[in-house]
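Colleague: Residues 48 to 814 (my numbering) make up the sequence shown, in order.
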Amino acid sequence: MKVRKYLRGSGRVLAFVFVASIIWLLFDMAALRISLSDVSGQQLKERLIREREFYKKQSMQALHPRRSFTHPARRAADLPGHQKAPGRLNDGDEGQRVKDELRKSLHLAKSNHSKFVDLKPGDAAAHENDNAPKQNSSVKKEAVNLYIYTGGTTAQKAVHKVDSKPNEKVKGVEDEILLKSTESRLTQTTTHRLPNQDVKVVNEKVAGMQVKVTDKNVLGANKQLKPAVNHPAEGNARVGTLAVKKSGVHTVLSLDVTNSPRDPKAVGQFGQAAVVAVHENSEVEKRWNEGHFNVYLSEKIPVDRAIPDTRPRKCAQSLIHDDLPSTSVIFCFVDEVWSTLLRSVHSVLNRSPPNLLKEIILVDDFSTKDYLKKQLDDYMSQFPKVRIIRLKERQGLIRARLAGAAVAKGEVLTFLDSHVECNVGWLEPLLERVYLDRKKVPCPVIEVISDKDLSYMLVDNFQRGIFKWPLVFGWSPVPADYIKKNNMKDTDPIKCPVMAGGLFSIDKKYFFELGSYDPGLDVWGGENMEISFKIWMCGGEIEIIPCSRVGHIFRGQNPYKFPKNRQKTVERNLARVAEVWLDEYKDLFYGHGYTHLLNKKVIDIGNLTEQIELRKHLKCQSFRWYLDNVYPDMNAPLVKADGLVYNRGLRKCLALQRDSLSFETCDLSKQSQHFNYTWMRNIRHRELCIAPQVQSNSFALQLCDSAKNEQRWLHKSSISPMAEHFSTEILRGMCLEGKLEGQALQLRACDSNNLFQKWQFTHYYAQ
Ligand code: LR7
Ligand code: MN
Numbered sequence: 048m049k050v051r052k053y054l055r056g057s058g059r060v061l062a063f064v065f066v067a068s069i070i071w072l073l074f075d076m077a078a079l080r081i082s083l084s085d086v087s088g089q090q091l092k093e094r095l096i097r098e099r100e101f102y103k104k105q106s107m108q109a110l111h112p113r114r115s116f117t118h119p120a121r122r123a124a125d126l127p128g129h130q131k132a133p134g135r136l137n138d139g140d141e142g143q144r145v146k147d148e149l150r151k152s153l154h155l156a157k158s159n160h161s162k163f164v165d166l167k168p169g170d171a172a173a174h175e176n177d178n179a180p181k182q183n184s185s186v187k188k189e190a191v192n193l194y195i196y197t198g199g200t201t202a203q204k205a206v207h208k209v210d211s212k213p214n215e216k217v218k219g220v221e222d223e224i225l226l227k228s229t230e231s232r233l234t235q236t237t238t239h240r241l242p243n244q245d246v247k248v249v250n251e252k253v254a255g256m257q258v259k260v261t262d263k264n265v266l267g268a269n270k271q272l273k274p275a276v277n278h279p280a281e282g283n284a285r286v287g288t289l290a291v292k293k294s295g296v297h298t299v300l301s302l303d304v305t306n307s308p309r310d311p312k313a314v315g316q317f318g319q320a321a322v323v324a325v326h327e328n329s330e331v332e333k334r335w336n337e338g339h340f341n342v343y344l345s346e347k348i349p350v351d352r353a354i355p356d357t358r359p360r361k362c363a364q365s366l367i368h369d370d371l372p373s374t375s376v377i378f379c380f381v382d383e384v385w386s387t388l389l390r391s392v393h394s395v396l397n398r399s400p401p402n403l404l405k406e407i408i409l410v411d412d413f414s415t416k417d418y419l420k421k422q423l424d425d426y427m428s429q430f431p432k433v434r435i436i437r438l439k440e441r442q443g444l445i446r447a448r449l450a451g452a453a454v455a456k457g458e459v460l461t462f463l464d465s466h467v468e469c470n471v472g473w474l475e476p477l478l479e480r481v482y483l484d485r486k487k488v489p490c491p492v493i494e495v496i497s498d499k500d501l502s503y504m505l506v507d508n509f510q511r512g513i514f515k516w517p518l519v520f521g522w523s524p525v526p527a528d529y530i531k532k533n534n535m536k537d538t539d540p541i542k543c544p545v546m547a548g549g550l551f552s553i554d555k556k557y558f559f560e561l562g563s564y565d566p567g568l569d570v571w572g573g574e575n576m577e578i579s580f581k582i583w584m585c586g587g588e589i590e591i592i593p594c595s596r597v598g599h600i601f602r603g604q605n606p607y608k609f610p611k612n613r614q615k616t617v618e619r620n621l622a623r624v625a626e627v628w629l630d631e632y633k634d635l636f637y638g639h640g641y642t643h644l645l646n647k648k649v650i651d652i653g654n655l656t657e658q659i660e661l662r663k664h665l666k667c668q669s670f671r672w673y674l675d676n677v678y679p680d681m682n683a684p685l686v687k688a689d690g691l692v693y694n695r696g697l698r699k700c701l702a703l704q705r706d707s708l709s710f711e712t713c714d715l716s717k718q719s720q721h722f723n724y725t726w727m728r729n730i731r732h733r734e735l736c737i738a739p740q741v742q743s744n745s746f747a748l749q750l751c752d753s754a755k756n757e758q759r760w761l762h763k764s765s766i767s768p769m770a771e772h773f774s775t776e777i778l779r780g781m782c783l784e785g786k787l788e789g790q791a792l793q794l795r796a797c798d799s800n801n802l803f804q805k806w807q808f809t810h811y812y813a814q
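#1: Within 10 Å of its beta-carbon, does isoleucine 600 have 16 or more other beta-carbons around it, so buried, or fewer, so exposed?
#2: Which term fits asparagine 336, buried or exposed, when burial requires 16 or more other beta carbons within 10 angstroms of its beta carbon?
#3: When burial is assigned at 16 or more other CB atoms within 10 Å of the CB, is asparagine 605 buried or exposed?
#4: Quick one: what's got a C-beta closer than 6 Å to cysteine 47's C-beta in the same chain, skipping five residues either side?
#5: Need the endpoints of the alpha helix (DSSP H) that asparagine 676 sits in, please.
#6: Is valine 350 closer than 8 Å to valine 40 when the C-beta atoms are compared?
#7: When you compare only the Cα positions, how much space is there between isoleucine 784 and leucine 792?
#8: Applying the 10 Å Cβ sphere with the 16-neighbour rule, what's the burial state of serine 552?
#9: Excluding the 5 residues flanking histidine 393 on each side, which residues of the same chain have their C-beta closer than 7 Å to its C-beta?
#10: Apply the 10 Å Cβ neighbour rule to valine 677 and answer buried if 16 or more other Cβ atoms are within range, or exposed otherwise.
#11: For leucine 621, is the beta carbon positioned less than 7 Å from some heavy atom of ligand 1?
#12: Taking 8 Å as the threshold, find out whether the region 364 to 371 comes into contact with the region 412 to 422 through three or more Cβ pairs.
#13: Report the three-state DSSP secondary structure of glycine 586 (helix, strand or coil).
#14: Out of curiosity, what's the CA-to-CA distance linking histidine 810 and threonine 712?
#15: Let me know the secondary structure DSSP gives phenylalanine 380 once reduced to three states.
#16: To which residues of the same chain is lysine 212 closer than 6 Å at the C-beta, ignoring the five residues directly before and after it?
#17: Need the endpoints of the beta strand (DSSP E) that alanine 683 sits in, please.
#18: Identify every residue that forms a DSSP beta bridge with tryptophan 628.
#19: Establish whether the CB of asparagine 534 and some CB of chain C are separated by less than 8 Å.
#20: With respect to 7 Å, is the separation between the Cβ of leucine 550 and the closest non-hydrogen atom of ligand 1 below this value?
#21: Does at least one heavy atom of ligand 2 sit under 7 Å from the Cβ of histidine 339?
#22: Taking the alpha carbon of isoleucine 589 as the reference point, which residue from Leu389, Asn646, Ile496 and Lys487 has its own alpha carbon closest?
#23: Is any non-hydrogen atom of ligand 1 found closer than 7 Å to the C-beta of histidine 738, if you look at the structure I gave you?
#24: State the DSSP-derived secondary structure class of aspartate 798, mapped to helix, strand or coil.
#25: When the Cα atoms are used, what is the spatial distance from phenylalanine 803 to alanine 622?
#26: Given this structure, state the Cα-to-Cα distance separating leucine 568 from arginine 434, to the nearest angstrom.
#27: Distance check for arginine 619 and lysine 611, CA to CA, integer angstroms please.
#28: What residue from Ser428, Leu701 and Ser391 has the CA that sits closest to tryptophan 473's CA?
#29: If you check the beta carbons only, do glutamate 626 and lysine 633 fall under 8 Å apart?
#30: Quick check on DSSP: helix, strand or coil for tryptophan 337?
#31: From phenylalanine 746 to alanine 738, what distance separates their C-alpha atoms?
#32: Which residue wins for smallest C-alpha separation from glutamate 406, given the options Arg437, Gly457 and Ser365?
#33: Which residue wins for smallest C-alpha separation from arginine 728, given the options Lys699, Leu388 and Glu776?
#34: Reducing DSSP to helix, strand and coil, say where methionine 727 ends up.
Written as structure tokens, this is what we have:
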């Protein structure tokens with residue numbers, strides 16, 4: 048009765064809640080038991096496999112990124128039947144129409160050429176001004192200041208602007224700068240008749256050479272005095288200089304000085320693909336190895352040929368400070384081909400504002416070719432700005448660059464390879480960045496000059512230099528979400544984790560403050576990694592500047608000899624870089640195929656004390672900081688796998704207690720069961736590593752030593768039936784097998800079916 052009383056009214060509700068809670072609690076406990084019991088046995092195995100699959104997928108994605116690792120422009124050109132160079136002209140039908148018109152007027156419509164070059168609308172004015180056929184032009188001499196006639200940003204706009212203001216002249220800031228830097232000038236005004244317009248080009252004589260200024264966008268530009276090249280957040284302020292000078296700005300100079308008239312029919316003119324007649328093929332082949340590119344064809348191309356202005360459209364409107372620092376351009380070379388060396392030098396002389404070009408230093412790294420001696424001296428003697436330095440023995444490009452830097456008089460050093468063509472307006476945007484912050488190290492966009500037909504190819508926008516393990520340089524697109532999030536324009540500087548190496552400007556004082564290059568690096572290779580890590584980790588920045596573009600001949604092979612073995616030289620350089628800069632991440636370098644470098648008997652990487660001291664002295668950040676802040680999308684797990692080591696046959700996990708190994712019921716909470724599978728392929732528990740003991744067919748526990756081959760075990764190195772085994776590297780065919788009695792491990796002949804030889808880590812981070 049009493050019970051019934053309590054179950055009346057609200058008591059009934061309370062009782063119901065009470066009973067329900069008890070049922071719920073019982074379910075919960077059952078679930079808990081299930082989850083506890085799955086720690087050991089078959090269910091753990093399944094979980095491990097699931098985890099492994101997940102990490103396998105992740106690491107496969109990392110190992111085989113969708114994008115190939117070649118230069119973006121090469122990729123475009125090499126694709127069979129490729130019709131359109133990527134990422135340039137996206138303006139739909141209108142863009143296509145303008146492009147067709149351009150091709151017609153620029154004689155670029157050759158079907159084979161369209162494979163490589165995709166012009167953008169903004170190129171129109173520059174090309175027409177610069178290179179238009181001269182037959183309809185009337186030339187008259189005028190002793191006047193430099194007048195710059197505006198075009199526009201597209202062919203269309205150019206037509207309208209010129210039509211509506213046919214005679215307007217704008218005397219820009221450019222004039223003043225040019226006038227400051229030149230004494231006597233003779234000006235010619237040339238009118239080129241183009242299909243719909245008259246475009247005037249002013250030709251000037253400066254120190255005996257013709258100057259053509261083909262600025263497309265000067266009209267009105269002087270009114271908006273705001274440097275357009277700047278990164279949006281950075282505004283106009285200079286960083287790292289004591290006094291912020293008040294300075295005017297001018298529109299970037301689209302200078303192109305050349306012997307006029309330029310022969311429009313010349314081979315390779317305007318960066319076009321040049322074709323060699325069939326009967327000349329044997330000649331091409333014969334001369335190929337002189338430079339590992341088409342040396343024969345290169346000789347036929349004018350040393351001062353025009354190339355298409357491939358800058359993003361807005362670049363021609365960029366504003367540049369009037370008081371930029373001057374630069375020494377340094378070319379190092381060894382046995383460089385005559386025509387390409389000259390074309391490199393001419394491209395700098397012809398397309399750099401004279402007031403900013405302090406000098407060109409040619410560092411001859413003990414070349415063996417005769418033409419690079421007196422003949423080169425004689426040729427260069429016509430150009431007072433060119434100096435030649437000859438090294439008395441072969442130093443390699445790193446020490447050759449240092450020799451150039453040591454004598455340079457400019458405030459900024461600009462390094463270039465000796466087979467390049469600097470494009471219109473290439474220099475000012477680089478120097479502008481150094482001017483804004485002396486710790487910025489700007490690189491031009493490196494475009495591709497074909498090694499086969501010497502055509503000039505533009506490259507994708509938004510590319511940056513990166514590395515993959517083991518410190519292999521490559522190009523990779525800036526992630527799309529980053530572009531979107533930062534609202535990046537195609538003219539904005541691109542932060543670049545690693546520079547390609549050959550083409551960059553750097554404040555001279557800053558270069559030496561950073562300790563320049565490690566002079567212990569030999570001949571070629573790795574110095575780009577070294578300087579990149581050094582710059583980023585010690586307070587600087589590397590940027591790619593889309594408004595500065597330089598073509599480079601990419602060669603299949605180095606055309607010069609290495610004093611020692613090429614591979615060994617590069618490996619040694621990289622090991623020096625890894626030892627000084629990578630901290631604990633150097634394991635990833637060695638673990639990707641370079642473990643042999645850890646053996647001091649095999650390779651002597653030289654003394655690193657000075658480099659390590661330098662890093663301390665500069666108070667540089669850690670490599671971890673670099674990965675987190677500069678290259679966060681890099682996959683860099685410190686070990687290949689870790690967690691429990693589960694034996695499939697025993698269904699138990701390996702445990703290390705008081706220096707002995709045993710098997711226990713798997714338990715993630717027990718530290719004694721936690722092992723790492725390292726990049727050195729060690730099975731490691733804290734400081735101890737497992738090694739085979741061959742005589743007793745057993746194992747030994749040793750202090751880990753990354754140089755010791757015997758501590759290396761292959762595991763998951765292939766997808767063969769042996770993938771889950773631990774097979775010893777020093778004794779192929781022998782595997783670790785788990786057993787319960789006596790010694791926990793024995794060394795047995797590998798057997799793909801033996802479950803006691805199959806092992807699983809809890810987590811896999813890399814294959
Ligand atoms: O012993 C040498 N002495 C030299 O003076 C070896 C080379 N050199 C000169 C050589 O004549 C050339 O002018 O150094 C320059 C660079 O040598 P390349 O052209 O053989 O090098 P590369 O273009 O194949 O290689 C790239 O990586 C190198 C790694 O050490 C250098 O950093 C190169 O400067 C660099 N080139 C570029 O960055 C251009 C773009 C390539 C890409 C990607
Ligand atoms: Mn090169």
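Quick reminder that beta carbons are idealized off the backbone N, C-alpha and C, glycines included.
Modeller: Quick look at the numbers:
#1: buried
#2: exposed
#3: exposed
#4: This structure cannot settle anything about residue 47, because the visible part of the chain is limited to 48 through 814.
#5: 670 to 676
#6: Because the chain in this structure spans residues 48 to 814, residue 40 falls outside the shown range and cannot be described.
#7: A small correction: the amino acid at residue 784 is glutamate; isoleucine does not occupy that position in the sequence shown. Distance between the alpha carbons of glutamate 784 and leucine 792 is about 6 Å.
#8: buried
#9: Val350 and Asp351
#10: buried
#11: no
#12: no
#13: coil
#14: 18 Å
#15: strand
#16: Interpretation of lysine 212 is limited by its pLDDT of 29, a score under 50 that renders its predicted location unreliable; no figure is taken from the coordinates.
#17: First-last for alanine 683: undefined, no H or E at that position.
#18: In DSSP, tryptophan 628 forms no bridge with anything.
#19: Among the chains in the structure shown there is no chain C, since it carries only a single protein chain.
#20: yes
#21: no
#22: Lys487
#23: Looking at the sequence itself, residue 738 is alanine, so the reference to histidine does not match. No - ligand 1 has no heavy atom lying nearer than 7 Å to the Cβ of alanine 738.
#24: coil
#25: 38 Å
#26: 25 Å
#27: 11 Å
#28: Ser391
#29: yes
#30: Just to set this straight, residue 337 is glutamate in the shown sequence, not tryptophan. Reduced to three states, the DSSP call for glutamate 337 is coil.
#31: 6 Å
#32: Gly457
#33: Glu776
#34: coil
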